[in-house]
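Visitor:
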Amino acid sequence: MRRYLSFWVSLSAMICTATIAVAEVTLPTIIGDHMVLQRDVPLPIWGWAAVGETVTVKIAGQTMTSKAGEDGRWQVTLKPLSVGDPLTMTVSCPDKTITVEDILVGEVWLCSGQSNMQWAVAQVNSPDLELAAANYPEIRLITNEIEGTQLPLDDFEGGWQACNSQTASGFSAVGYFFGRRLHQVLGCPIGLIDNAWGGSSCEAWIRRDLMSDEGMYGPLMQRWAATEEEHLAKEDQQKYETELSAWHEARDAAHKAGKPAPARPRPPQSPLSQQHRPGNLYNARILPLVPFAIRGAIWYQGESNAGRAYQYRDMFPLMIQNWRDTWQQGEFPFYWVQLADFKAESAEPGESDWAELREAQTMTLNKLKQTGEAVIIDIGEGKDIHPRNKQDVGDRLARWALAGPYGKSSIQSQSPTFKSMEAKDGKVVVTFDHVGGGLSTFDVNETRGFAIAGEDHKWVSANGKVVGRDQVELSAEGVTKAVAVRYAWADNPVCNLFSREGLPATPFRSDDWPGVTADAR
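All you need for my numbering is the position in the sequence shown, starting with 1, plus 164.
1) Between the alpha carbons of VAL658 and PHE456, how many angstroms are there, rounded?
2) Less than 7 Å between C-beta atoms, sequence neighbours within five positions excluded: which residues of the same chain meet that for LEU268?
3) Given a threshold of 16 other Cβ atoms within 10 Å of its Cβ, counted over all protein chains shown, does ARG522 qualify as buried or as exposed?
4) Using the beta-carbon count (16 or more within 10 Å), is GLY600 buried or exposed?
5) Mind checking whether TYR464 and ASN280 have CB atoms under 8 Å apart?
6) Between VAL247, ASP235, GLY196 and SER230, which has its C-alpha nearest ASP204's C-alpha?
7) Does the Cβ-Cβ distance between THR681 and ARG472 come in under 8 Å?
8) Would you call the stretch 586-596 and the stretch 633-650 in contact, with 3 or more CB pairs under 8 Å?
9) At 4 residues or longer, and completely inside the stretch 502-553: list those alpha helix (DSSP H) runs for me, N to C.
10) Please classify ALA418 as buried or exposed, where buried requires at least 16 other C-beta atoms within 10 Å of its C-beta.
11) In the DSSP assignment, find the unbroken alpha helix (DSSP H) run with PHE342 in it and report its ends.
12) Assuming PHE342 and LEU503 make a contact with CB atoms under 8 Å, what is their CB distance in whole Å?
13) Using the beta-carbon count (16 or more within 10 Å), is VAL594 buried or exposed?
14) Tell me the start and end of each unbroken beta strand (DSSP E) in the stretch 280-329 that is at least 3 residues and wholly inside, in chain order.
15) Roughly how many whole angstroms lie between the Cα atoms of ARG372 and SER336?
16) Taking all protein chains shown into account, decide if PRO244 is buried (16 or more other Cβ within 10 angstroms of its Cβ) or exposed.
17) Whose C-alpha, out of GLY536, MET375 and TYR340, is nearest the C-alpha of ILE482?
18) With DSSP run on the structure shown, which of helix, strand or coil describes THR227?
19) Taking Cβ positions, are ASN486 and ILE357 nearer each other than 8 Å?
20) In the DSSP assignment, what residue or residues form a beta bridge with GLN648?
21) Report yes if the CB atom of ARG685 is closer than 8 Å to the CB atom of LEU384, and no otherwise.
22) Assuming the contact rule is C-beta atoms closer than 8 Å, ILE462 and TYR499 should be a hit. Round their C-beta distance to whole Å, please.
23) My assumption, with CB atoms under 8 Å, is that TRP388 sits in contact with ARG449. Please give the rounded CB distance.
24) What residue from VAL557, THR263, ASP620 and VAL539 has the CA that sits closest to VAL285's CA?
25) Just verifying my parser: in three-state terms, what is the DSSP assignment at VAL240?
26) Taking buried to mean at least 16 other C-beta atoms within 10 Å of its own C-beta, is ARG664 buried or exposed?
27) Taking ASP683 as the reference, which of LEU661, GLY312, PHE320 and TYR381 has the closest Cα?
28) Can you give the Cα-Cα distance for THR670 and SER329, rounded to whole angstroms?
29) Could you check how far apart the C-beta atoms of GLY236 and VAL215 are, in whole angstroms? I think they sit under 8 Å.
30) For the ligand GDP, any of its heavy atoms closer than 7 Å to the Cβ of LYS591?
31) Measuring alpha carbon to alpha carbon, tell me which of GLY613, LEU566, GLY618 and ALA617 ends up nearest LYS629.
32) What do you get for GLU394, buried or exposed, if any count of 16 or more other CB atoms within 10 angstroms of its CB means buried?
33) Please state if the CB of ASP292 and the CB of HIS198 are separated by a distance shorter than 8 Å.
34) Measure the C-alpha to C-alpha separation of TYR446 and ALA296 and round it to an integer number of angstroms.
35) My guess is that ALA615 and VAL608 are in contact by the Cβ rule of under 8 Å, so how many angstroms apart are they, rounded?
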């Protein structure tokens with residue numbers, strides 16, 4: 165590991181030196197033509213220039229100046245802007261002026277997670293109809309697809325594009341449908357940043373040193389230390405690291421000469437540059453975006469961490485707080501998608517790591533403010549981990565945003581959630597919060613998906629019915645004194661309880677008996 169750490173220290177020094185050597189002003193990819201700036205908040209604008217060089221930024225009657233520091237970086241903070249006509253911004257130093265055109269001011273959201281967030285519009289239900297209608301010039305899209313790394317990166321390749329049939333085709337479907345709904349309701353420009361990576365683990369999105377709790381993360385980090393030791397000894401990894409170092413120097417030289425940057429070297433097929441290694445995606449897909457002003461983030465991930473669901477109870481809120489601390493823009497809204505139903509359908513109660521991961525996601529609602537969960541236990545596909553109905557997913561996330569920072573209080577955002585249970589006379593009455601217009605069942609009058617257990621801790625499927633606006637009454641043969649209740653507790657449960665607004669009840673359990681992932685680290 166000493167050789168590994170020494171390499172990155174040397175590489176960091178080379179990159180720093182190359183950055184300082186840049187004589188002309190440059191901007192990061194996230195700041196460019198066709199971008200959307202977040203309305204009504206201070207706006208950081210930054211880039212690089214020669215050490216001590218004065219840089220001037222002009223936009224919408226504002227003129228700001230900054231000097232490049234010892235690392236070559238400069239930054240100004242614009243006063244808040246409001247929605248209006250497209251703007252032009254100039255960024256200049258004595259030897260060069262950059263003109264950034266067609267800038268809109270509106271709402272900016274980060275779209276992150278694993279493959280279900282990455283899943284493209286071209287892959288959803290009715291893609292031909294969706295793409296034929298995807299002409300929204302005031303929705304702007306940008307994607308960060310840089311590979312994972314342990315080196316904190318400051319930029320990526322790409323650019324903002326106006327939304328149309330071609331640009332939307334490969335963009336995040338959940339992000340697009342979320343942004344489209346916001347645009348339709350708010351009537352303002354929407355900027356969407358997609359940095360999702362299929363199969364990614366939550367730990368890859370967190371600053372590595374934050375996972376220092378030996379009891380919680382010790383085994384995970386030890387496994388990665390062994391993997392790193394094994395792969396760093398391989399010749400192909402060493403070759404890539406050398407090529408990457410040379411590329412950074414060539415990129416900076418190209419910027420200086422006003423020429424296109426050379427193609428970035430492709431990493432070897434190694435777990436060291438992939439989407440599971442702790443810290444990899446935080447360094448590569450979060451840091452290059454910071455401190456670009458955003459309204460908030462939407463997230464769809466968890467499948468890769470289901471086998472360690474109890475750990476996710478700590479890891480997921482740690483990640484959210486890490487992002488908020490890094491951006492330094494307060495407790496920005498963070499909304500996620502709970503795992504869909506998947507694998508073999510089950511009408512009988514049992515244990516499930518996916519159910520435990522859903523529980524961990526739901527627990528985060530009570531740990532952090534300005535959070536929300538879109539429940540989609542009704543729209544998964546047993547044979548496909550990637551449900552193609554991404555339209556409803558985007559809409560359910562949009563409900564949270566519209567009811568939250570946008571103040572549309574008449575919109576129901578949260579799915580019904582468990583509040584309490586009362587056992588009496590051989591029956592159990594379960595009370596729910598957030599029922600909107602009231603509880604209802606789908607397809608049949610009786611409830612499906614409930615199970616109750618007596619003092620023997622054995623689960624029995626329960627018969628039930630909705631009684632009143634917010635309660636369900638349950639009973640089960642052989643259970644005379646129920647001590648616990650569960651709902652939709654399976655990988656792919658048969659369940660049918662909704663609010664009248666069409667939001668499915670949140671899977672839950674009232675017990676805290678050890679689950680199948682309780683000891684997984």
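The beta carbon of each residue, even a glycine, is placed where N, CA and C say it ideally should be.
Guide: Once the coordinates are examined:
1) Taking the straight line from one Cα to the other gives about 43 Å.
2) If the five residues before and after LEU268 are omitted, its C-beta is found closer than 7 Å to the C-beta atoms of VAL200, PRO250, GLU302, ARG304 and PRO353, all from its own chain and listed in chain order.
3) Buried, since its Cβ has 16 or more Cβ neighbours within 10 Å.
4) Buried: at least 16 other Cβ atoms inside 10 Å.
5) Yes.
6) The shortest Cα separation from ASP204 among VAL247, ASP235, GLY196 and SER230 belongs to VAL247.
7) The answer is yes: Cβ separation under 8 Å.
8) In the pairwise beta carbon analysis, the stretch 586-596 is classified as touching the stretch 633-650: at least three pairs are separated by under 8 Å.
9) Whole alpha helix (DSSP H) segments, 4+ residues: 517-527.
10) Taking every protein chain shown into account, the CB of ALA418 has fewer than 16 other CB atoms within 10 angstroms, so this residue is exposed.
11) Counting along the chain, the alpha helix (DSSP H) containing PHE342 begins and ends at 337-350.
12) At roughly 18 Å, the Cβ-Cβ gap does not stay under 8 Å, so PHE342 and LEU503 are not in contact.
13) Its Cβ being crowded by 16 or more others within 10 Å, VAL594 is buried.
14) Fully enclosed beta strand (DSSP E) runs of 3 or longer: 300-307 and 325-327.
15) Rounded to the nearest whole angstrom, the CA to CA distance from ARG372 to SER336 is 27 Å.
16) Taking a 10 Å sphere around the C-beta of PRO244, we find fewer than 16 other C-beta atoms and assign the residue as exposed.
17) Note on identity: in this sequence residue 482 is Leu, with Ile being the wrong assignment. The shortest C-alpha separation from LEU482 is found at MET375.
18) In this structure, THR227 counts as strand in the three-state DSSP scheme.
19) Going by C-beta atoms, ASN486 is not nearer than 8 Å to ILE357.
20) As written in the sequence, residue 648 is Ala, which differs from the Gln given in the question. Note: ALA648 sits in a beta bridge opposite ALA617.
21) Yes, they are a contact pair.
22) The pair is a contact, with the Cβ atoms about 5 Å apart (cut-off 8 Å).
23) Incorrect: roughly 18 Å between the Cβ atoms, too far for contact.
24) Comparing Cα positions, the closest option is VAL557.
25) Looking at VAL240 - three-state DSSP - the assignment turns out to be strand.
26) Counting of Cβ neighbours within 10 angstroms places ARG664 among the exposed residues, the total staying below 16.
27) Nearest C-alpha to ASP683 among LEU661, GLY312, PHE320 and TYR381: TYR381.
28) Using only the alpha carbons, I get a separation of about 35 Å.
29) Taking 8 Å as the upper bound for CB-CB distance, GLY236 and VAL215 are in contact here, some 6 Å apart.
30) Judged by which ligands are present, the structure shown has none, so any question about the ligand GDP falls away.
31) When only C-alpha atoms are compared, the closest one is GLY613.
32) GLU394 should be labelled exposed.
33) Not closer than 8 Å, so no.
34) Approximately 35 Å between the Cα atoms of the pair.
35) VAL608 and ALA615 do not touch by the CB rule: their CB atoms are close to 17 Å apart, not below 8 Å.
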